[in-house]
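Visitor: Handing you this structure, nothing more for now.
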Amino acid sequence: MIISYKEYQDMSVRIMQFQMERGRKPKYVTLNGSKIGQRQYEDMMRRVDLFIKSKGRNPKSVRLDEYIEIVKPSLGRKKSASWIKLEEALDKKFNDAKDLYKAIADQGEYKYYYNDKFDNKMALTRLRKGLGINCTDYAQLIRPVLEDMGYDVRYAHGRVKCGDKQWYGHVWLQIKGRDYGNWVNYDVVAVTHHGIKRPIGSLVCVNGVKDVEYNPKWLI
């Protein structure tokens with residue numbers, strides 16, 4: 029199986045993020061909804077390093093060893109602690125991105141403040157009490173849960189143009205895998221901000237978006 033170097037880089041970034049957040053290597057990394065095991069990724073990394081050393085440039089594509097099993101995510105997999113705690117805070121059960129989105133639409137509240145003010149523990153407490161959190165704290169709270177569900181997930185940061193014709197800084201997630209073959213916007217503020225109810229794929233403001241960057245260092 030051949031994947032693009034861009035896909036390989038995306039996996040590498042997510043692995044580094046996981047190690048920084050949890051202090052250990054992940055057992056797998058997702059690619060289009062499939063689990064790529066640690067040994068499989070390390071095999072790719074070894075060959076990429078050899079190519080760069082010998083050719084002096086990055087490869088255009090990377091071979092994924094087809095003799096190492098690629099395990100499809102199981103809908104019956106054990107839920108992580110982050111997953112369970114979010115279910116408890118929202119008083120809802122969910123097994124995929126659509127169910128989670130609906131649960132947040134039903135129970136979540138949005139609150140404006142600057143950047144990531146609360147850690148995940150406090151964000152959960154605020155959700156449980158109906159106090160609301162902002163776009164950044166929502167993204168940081170639900171990203172690991174979506175990853176545990178088997179999705180590729182990345183942060184997006186940019187500026188969105190709202191109904192008042194003004195541009196505002198905003199943070200949201202994008203997901204890929206399972207039901208989504210390409211990256212799709214996953215902006216839960218689009219269902220928690222002052223009665224707005226937009227579907228997965230839409231942003232909270234729909235009059236324009238610009239200056240988008242993915243996985244900015246200050247977020248991860």
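Residue numbers for the sequence shown follow our numbering, so the first one is 29 and each next one is one higher. Even glycine gets a Cβ: it sits at the ideal position worked out from N, Cα and C.
(1) For V41, which three-state DSSP category applies?
(2) Among all the DSSP beta bridges, which residues are the ones paired with A184?
(3) To the nearest angstrom, how far is the alpha carbon of A167 from that of I80?
(4) Compute the Euclidean distance between the alpha carbons of T220 and L155, then round it to the nearest angstrom.
(5) Which ranges does the beta strand (DSSP E) cover as unbroken runs of at least 3 residues, wholly within the region 81 to 148, from first to last along the chain?
(6) So, L174 versus Y214, is the Cβ gap smaller than 9 angstroms?
(7) Excluding the 5 residues preceding and the 5 following Q47 in the sequence, name in chain order all residues of the same chain whose CB lies nearer than 7 angstroms to its CB.
(8) Between M177 and A218, how many whole angstroms is the CB-CB distance? I'm expecting something under 8 angstroms.
(9) What are the start and end residues of the alpha helix (DSSP H) that includes I170?
Guide: According to the structure data:
(1) Helix at V41.
(2) Partner(s): W200, Y242.
(3) For A167 and I80, the distance between alpha carbons rounds to 35 angstroms.
(4) One alpha carbon belongs to T220, the other to L155, and they sit about 11 angstroms apart.
(5) For the region 81 to 148, whole beta strand (DSSP E) runs of length 3 or above, ordered along the chain, are 89 to 91.
(6) The Cβ atoms of L174 and Y214 sit closer than 9 angstroms to each other.
(7) Taken in chain order, the residues that qualify are K53.
(8) Taking 8 angstroms as the upper bound for CB-CB distance, M177 and A218 are not in contact here, some 19 angstroms apart.
(9) Unbroken alpha helix (DSSP H) run through I170: 163 to 176.
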